[in-house]
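Peer 1: Chains as they are written, first to last, in the numbering used here: chain A, 1 to 113; chain B, 114 to 222. Backbone N, C-alpha and C define an ideal beta-carbon position, used for all residues, glycine too. Structure provided below as structure tokens; questions to follow.
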């Protein structure tokens with residue numbers, strides 16, 4: 001069953017706290033992504049990971065970092081969260097070559113107070 | 114400028130009518146993907162369509178690369194089709210998807 005999972009689904013944090021968002025996939029995809037979705041701005045890429053320990057910045061990486069130690073798992077870390085990082089975060093995965101359909105997780109709704 | 118433009122921004126139809134959603138892009142295409150999203154929901158992939166025409170039930174996606182456009186046709190619409198439809202292109206040499214702003218579809222009973 002092809003699936004991308006995200007934990008937690010909802011999270012409320014105070015400004016300055018650290019945040020860890022987790023993503024998993026069971027399709028052995030080498031490529032994984034973190035996007036955020038904001039009203040009026042659509043979906044924007046934060047980071048892309050091409051495989052274990054092979055990560056690249058996307059369009060809006062400032063204030064975020066990522067970790068990928070296993071192919072099936074990709075984490076997004078916010079060190080000292082800011083109120084403007086309140087958003088819905090989506091993780092996705094795909095193959096890099098050939099059939100490259102991206103599969104998305106259910107999303108994490110993060111509120112930073 | 115915006116690389117992916119969707120039209121219309123919103124569309125209201127009566128149940129049973131057909132819907133035609135358009136996506137135009139201004140950059141080189143590797144593949145086109147269409148998604149469906151309910152308010153507060155995730156992105157459900159409808160079609161991965163690099164070129165040509167694909168069918169899935171009442172849905173049809175057509176991508177014409179040299180005209181830089183893709184369309185999504187919904188026949189005999191139902192109230193459960195209501196939601197936002199997003200197109201996204203995967204650029205050559207880039208893994209990321211570039212999303213359009215979406216078409217908000219409302220189907221009235």
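What do you reckon, are the CB atoms on residue 192(B) and residue 128(B) nearer than 9 Å?
Peer 2: yes
Peer 1: Quick one: what does DSSP say residue 1(A) is sitting in, helix, strand or coil?
Peer 2: coil
Peer 1: Measuring CA to CA, which of 200(B), 211(B) and 221(B) is closest to residue 148(B)?
Peer 2: 200(B)
Peer 1: Report back the beta-carbon spacing between residue 89(A) and residue 63(A) to the nearest angstrom; my notes put them in contact at under 8 Å.
Peer 2: The Cβ separation is near 12 Å, so there is no contact.
Peer 1: Which residues in chain C sit within 9 Å of residue 33(A), going by Cβ to Cβ distance?
Peer 2: Note that chain C does not occur in the displayed structure, where the protein chains are A and B.
Peer 1: Between 73(A), 37(A) and 36(A), which lies nearest to residue 5(A) when the distance is taken from Cα to Cα?
Peer 2: 73(A)
Peer 1: Are there 16 or more other CB atoms within 10 angstroms of the CB of residue 12(A), so buried, or fewer, so exposed?
Peer 2: exposed
Peer 1: Going along chain B, which residues have a C-beta under 9 Å from residue 60(A)?
Peer 2: Those within 9 Å of residue 60(A) in chain B number zero; the least Cβ separation is about 11 Å.
Peer 1: Inspect the CB distances between the region 157-166 of chain B and the region 207-219 of chain B and report whether three or more fall short of 8 Å.
Peer 2: Too few Cβ pairs lie closer than 8 Å, so no.
Peer 1: Counting only beta-carbon atoms, is residue 48(A) nearer than 9 Å to chain B?
Peer 2: Residue-level contact by beta carbon holds for residue 48(A) and chain B, with a gap shorter than 9 Å.
Peer 1: Going by CA-CA distance only, name the one from 220(B), 177(B), 187(B) and 206(B) that's closest to residue 138(B).
Peer 2: Considering only alpha carbons, the answer is 177(B).
Peer 1: Where residue 87(A) and residue 164(B) are concerned, what is the direct C-alpha to C-alpha distance, given to the nearest angstrom?
Peer 2: Taking the CA atoms as reference points, residue 87(A) sits about 33 Å from residue 164(B).
Peer 1: For residue 203(B), does the count of other Cβ atoms within 10 angstroms reach 16, so buried, or fall short, so exposed?
Peer 2: buried
Peer 1: What does DSSP give as the partner residues of residue 29(A) in its beta bridges?
Peer 2: None, per the DSSP bridge assignment.
Peer 1: For chain B, find out if any of its Cβ atoms is closer than 9 Å to the Cβ of residue 63(A); answer yes or no.
Peer 2: no
Peer 1: How would you write the range of the beta strand (DSSP E) that residue 147(B) sits in, first residue to last?
Peer 2: 144-150
Peer 1: Per DSSP, residue 108(A) is paired with what?
Peer 2: Note: residue 108(A) is bridge-paired with 89(A) in the DSSP secondary-structure output.
Peer 1: Report the residues of the region 138-151 of chain B with a CB closer than 7 Å to any CB of chain A, ordered along the chain.
Peer 2: Listed by position, the residues of the region 138-151 of chain B near chain A (Cβ gap below 7 Å) are 144 and 146.
Peer 1: Is residue 146(B) near residue 198(B), with beta carbons less than 9 Å apart?
Peer 2: no
Peer 1: Whole angstroms are fine: how far does the CA of residue 83(A) sit from the CA of residue 71(A)?
Peer 2: 31 Å
Peer 1: Does the beta carbon of residue 164(B) come closer than 9 Å to any beta carbon on chain A?
Peer 2: no
Peer 1: Determine the DSSP secondary structure at residue 193(B), reduced to helix, strand or coil.
Peer 2: In the three-state reduction of the DSSP assignment, residue 193(B) falls in the helix class.
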